[in-house]
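J.: What follows is a structure written as structure tokens; I'll ask about it next.
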Amino acid sequence: MSEGKKGTVRKLIEFQKTNNPDVFNLAFGDINEKTQDFDDLAVTDNGDTEKVLITVVHAVFLFYTKYPNVFVFACGSTKARTRLYRIGITRYYQEMKKDFYLYGQIGDNFVEFEIGKSYEGFLVQKKLL
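FYI, the numbering for the sequence shown is 1 to 129, going by our numbering.
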């Protein structure tokens, strides 16, 4: 849920299977109340971006309790959203790297995530103890 200046907006976080059985796609967006469809292009602008991103990170942690050996891929539905995800990863990078390997997508390649670089998408892998 997003709760803020524009009211309450239902959100959906979904981990979708891909053609690669070791990779899941992280889908995230609003639920259209009229159609019940998932909308990853909606701009909620509810003033609670930080809370929403923390909720997504929490969902990733929960997902890895069931599927510890897979990768999770995420990219924004727009360049601006991908940039927002990069900013969120950067903000929590020191904490995230304790539990996850983080990679950025450049073209068809994935490289170790570096703060300050632009990426087309992100790949996350849980560190196994």
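Positions of the beta carbon are idealized from the N, C-alpha and C atoms, including for glycine.
(1) Name the residue from Asp22, Ile106 and Lys97 whose alpha carbon lies nearest to the alpha carbon of Lys127.
(2) Am I right that Val57 and Phe63 are in contact with their C-beta atoms under 8 angstroms? What's the rounded C-beta distance?
(3) Report all residues from its chain with a CB closer than 8 angstroms to the CB of Asp37; omit the five preceding and five following residues, and keep chain order.
(4) Does the Cβ of Gly107 have 16 or more other Cβ atoms within 10 Å, making it buried, or fewer, making it exposed?
(5) Since Leu129 contacts Phe110 with CB under 8 angstroms, what's their CB separation in whole angstroms?
(6) Report all residues from its chain with a CB closer than 6 angstroms to the CB of Thr18; omit the five preceding and five following residues, and keep chain order.
(7) Would you decide whether Ile87 is buried or exposed? Buried here means 16 or more other CB atoms lie within 10 Å of its CB.
(8) Which same chain residues, not among the five before or five after Thr55, have their C-beta less than 8 angstroms away from its C-beta?
(9) What is the DSSP secondary structure of Tyr85, reduced to helix, strand or coil?
(10) Mind listing, in chain order, the continuous alpha helix (DSSP H) runs of no fewer than 4 residues lying wholly within the region 68-122?
T.: In terms of the structure at hand:
(1) Lys97
(2) Contact doesn't hold; Cβ gap of about 11 angstroms is too wide.
(3) Ile31
(4) So Gly107 ends up on the exposed side.
(5) So it is not a contact: roughly 23 angstroms between Cβ atoms.
(6) Within the same chain, and ignoring the five residues on either side of Thr18 in sequence, the residues whose Cβ sits closer than 6 angstroms to its Cβ are Asn25.
(7) exposed
(8) Lys11 and Ile13
(9) helix
(10) 79-91 and 93-99
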